[in-house]
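Engineer: Numbering (the UniProt record's numbering), first residue to last: 1 to 90.
Built from N, CA and C at the ideal position, the CB exists for glycine as well.
One structure follows; several queries about it will come next.
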Amino acid sequence: MPDAPDEHDQPDTPDDAPRRLHWGWLLLAVVVAVVSFLAVSVQSGQCVDSVTPGASSCTTGPVLGTAGWLVGLAGAGFVIYAVRRGLGRR
C-alpha cells in the first residue's frame, strides 16, 4: 500500500498563479507618494523691492530644501517597496 502523499511532495504554485492584492500596502504607497510629492513640489518665495529701477529681485525654492528632496527620494524608494509588497511580490 503506497504511503499518503506528504505536503512536502506537493509541487510549488506556478509562477503565473494569480496573486492576492494587499490593499493596505497599496494604500500606504499612495499616501507616501502624495506626501513625498508635496515635500518636493511646494514652493515658497521672497521678493525684495527697491526704489532703484531694476534692483528689485525675487527668489523661489522648495519649502523644505535639501530635506524635502531627501524625503522625496526616500518616499520614492518606499513606494516601490510597498507596491511590490502590495502586488504580492517580495
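Can you tell me which of the three DSSP states T52 falls into?
Structural biologist: The residue labelled residue 52 in the question sits at position 52 within the sequence shown. Note: T52 maps to coil in three-state DSSP.
Engineer: Would you decide whether A29 is buried or exposed? Buried here means 16 or more other CB atoms lie within 10 Å of its CB.
Structural biologist: As a first step, residue 29 must be located in the sequence shown, where it is residue number 29. Flag for A29 reads buried.
Engineer: Once the 5 residues before and after Q46 are set aside, which same chain residues still bring their CB inside 6 Å of it?
Structural biologist: On the sequence shown, position 46 is the one that residue 46 refers to. T59.
Engineer: Based on the DSSP secondary-structure assignment, which residues constitute the bridge partners of T60?
Structural biologist: Working through the sequence shown from its first residue, we reach residue 60 at position 60. DSSP lists G45 as partners of T60.
Engineer: Here's the rule I'm using: 16 or more other beta-carbon atoms within 10 Å means buried, otherwise exposed. How should S50 be labelled?
Structural biologist: For the purposes of this step, residue 50 is taken as the residue at position 50 of the sequence shown. The residue in question, S50, is exposed, as its Cβ has fewer than 16 Cβ neighbours within 10 Å.
Engineer: State buried or exposed for A74, treating a residue as buried only when at least 16 other CB atoms are found within 10 Å of its CB.
Structural biologist: Numbered from its first residue, the sequence shown carries residue 74 at position 74. Result: exposed.
Engineer: I think G72 touches S36, with their Cβ atoms under 8 Å apart; what is that distance to the nearest whole Å?
Structural biologist: The residue labelled residue 72 in the question sits at position 72 within the sequence shown. The residue labelled residue 36 in the question sits at position 36 within the sequence shown. Between S36 and G72 the Cβ distance is about 5 Å, and since that is below 8 Å, they are a contact.
Engineer: For the putative contact between A82 and W23, defined by C-beta atoms under 8 Å, what is the C-beta separation to the nearest angstrom?
Structural biologist: Translated into positions along the sequence shown, residue 82 becomes position 82. Translated into positions along the sequence shown, residue 23 becomes position 23. Wrong, their Cβ atoms sit about 11 Å apart, outside the cutoff.
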